[in-house]
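Colleague: Quick one: this structure, given as structure tokens, is what I'll be asking you about.
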Amino acid sequence: GDSVTQKQGQVTLSEDDFLFINCTYSTTTYPTLFWYVQYPGQGPQLLLKVTTANNKGISRGFEATYDKGTTSFHLQKASVQESDSAVYFCALVASGSWQLIFGSGTQLTVMP
Amino acid sequence: GPKVLQIPSHQIIDMGQMVTLNCDPVSNHLYFYWYKQILGQQMEFLVNFYNGKVMEKSKLFKDQFSVERPDGSYFTLKIQPTALEDSAVYFCASSLPPPGTALNERLFFGHGTKLSVL
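Protein chains in written order, with the working numbering: chain B, -13 to 98; chain G, 963 to 1080.
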């Protein structure tokens, strides 16, 4: 079945560090790919979305590029802030499905 | 922005009892979802719902689970009877179109209901 893999359970950085969170996926269809962010005590909220048509999503300084060859969809940010501390989820919707499938999440902690 | 409200925020019940989790979705949304989250990490899909019907469900959506949205009111998740492994945070979500079908679609999530089964 369709799946999303995030191997980094926790990432700890200092302010202004570069962020890179790895995400790979597996599906037999053409997926739509998402990054959601969850702050403490809240539900996930959409950070950015990428389709096979546009290949790249950018939002609030975060960027993700879809690479069909490596089936990856990594999240990057050039300079993190303490307010970016949250759990980040990579997710996909397979073509023909309405099911949003989440990865296991990466807890990002940014130290001041 | 649009908000999904979940009631209550925390529910404590004894194993074997019935529980109903309530969700007030965004007013003009047509698609509804429940997810289960354990230990603040993995978001597990349970079910999606449209036009009064379950469209897709996962293996986690056991026979003891049911969903409904009678007359456009709350979208509810009922568990009867509850088991210890049902303890988790349950998130409701809604969307106007289904995810992956339109340029600006997204799921809007509530803040979750923490269910503690004793």
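Just so you know, even glycine gets a beta-carbon here, dropped at the ideal spot from N, CA and C.
#1: In the DSSP assignment, what residue or residues form a beta bridge with C1054/G?
#2: F1023/G lies in the beta strand (DSSP E); which residues open and close that run?
#3: Under 7 Å, CB to CB, which of the residues in the segment 1065 to 1080 of chain G have a partner in chain B?
#4: So who's on the other strand from Y11/B, going by DSSP bridges?
#5: Under 7 Å between C-beta atoms, does S90/B make it to chain G?
#6: When the Cα atoms are used, what is the spatial distance from D976/G to V1079/G?
#7: Beta-carbon of G43/B versus every beta-carbon of chain G: anything under 7 Å?
#8: Express the C-alpha separation of M1005/G and Q28/B in angstroms, rounding to a whole number.
#9: As a quick exercise: from L19/B, E1/B, Q24/B, S12/B, pick the residue whose alpha carbon is nearest that of Y74/B.
#10: Just to confirm, are K998/G and L1008/G a CB contact at a threshold of 7 Å?
#11: Cβ atoms of Q(-6)/B and C9/B: under 7 Å apart, would you say?
#12: For chain G, check one thing: does any of its Cβ atoms lie closer than 7 Å to the Cβ of L33/B?
#13: Can you find a C-beta in chain G that's less than 7 Å from the C-beta of D86/B?
#14: Helix or strand or just coil, what does DSSP make of D986/G?
#15: Can the beta-carbon of S1056/G be found closer than 7 Å to that of V966/G?
#16: Let's test the definition: count the other Cβ atoms within 10 Å of the Cβ of L86/B and tell me whether it reaches 16, buried, or not, exposed.
#17: Taking only beta-carbon atoms, is Q28/B less than 7 Å away from chain G?
#18: By how many angstroms is the C-alpha of G(-13)/B removed from the C-alpha of V79/B?
#19: What three-state label does DSSP hand G43/B in the structure shown?
Modeller: In short, the structure shows the following:
#1: Start at 1 with the first residue of the second sequence, and residue 1054/G comes out as number 92. Partner(s): W996/G.
#2: By 1-based counting over the second sequence, the position of residue 1023/G is 61. Unbroken run through F1023/G: none, as it is neither H nor E.
#3: R1068, L1069, F1071, G1072, H1073, G1074
#4: On the first sequence, residue 11/B is found 25 positions in, with the first residue counted as 1. Per DSSP, V(-10)/B.
#5: Taking the first residue of the first sequence as 1, we reach residue 90/B at position 104. Output row for S90/B: interface = yes.
#6: Taking the first residue of the second sequence as 1, we reach residue 976/G at position 14. Taking the first residue of the second sequence as 1, we reach residue 1079/G at position 117. So the alpha carbons of these two residues sit roughly 5 Å apart.
#7: What you label residue 43/B is simply residue 57 of the first sequence in a count that begins at 1. With 7 Å as the cut-off, G43/B does not count as an interface residue toward chain G.
#8: Taking the first sequence and counting its residues from 1, the one referred to as residue 28/B is at position 42. Taking the second sequence and counting its residues from 1, the one referred to as residue 1005/G is at position 43. Each residue's alpha carbon lies about 13 Å from the other.
#9: The residue you call residue 74/B lines up with position 88 of the first sequence. The shortest Cα separation from Y74/B among L19/B, E1/B, Q24/B, S12/B belongs to Q24/B.
#10: In the second sequence, the residue the question calls residue 998/G occupies position 36. In the second sequence, the residue the question calls residue 1008/G occupies position 46. Going by C-beta atoms, K998/G is nearer than 7 Å to L1008/G.
#11: In the first sequence, residue 9/B corresponds to position 23, counting from 1. In the first sequence, residue -6/B corresponds to position 8, counting from 1. No, they are not a contact pair.
#12: Position 47 of the first sequence, counted from the start, is the residue given in the question as residue 33/B. So no, L33/B is outside the interface.
#13: By 1-based counting over the first sequence, the position of residue 86/B is 100. As written in the sequence, residue 86/B is Leu, which differs from the Asp given in the question. Closer than 7 Å to some Cβ of chain G, the Cβ of L86/B qualifies, so yes.
#14: One-based indexing of the second sequence puts residue 986/G at position 24. It is a strand residue.
#15: Indexing the second sequence from 1 puts residue 1056/G at position 94. Indexing the second sequence from 1 puts residue 966/G at position 4. Yes.
#16: Position 100 of the first sequence, counted from the start, is the residue given in the question as residue 86/B. L86/B comes out buried.
#17: In the first sequence, counting from the first residue as 1, residue 28/B sits at position 42. So yes, Q28/B belongs to the interface.
#18: In the first sequence, the residue the question calls residue 79/B occupies position 93. In the first sequence, the residue the question calls residue -13/B occupies position 1. Between V79/B and G(-13)/B, the C-alpha separation is close to 12 Å.
#19: Looking up residue 43/B in the first sequence gives position 57. Strand, per DSSP.
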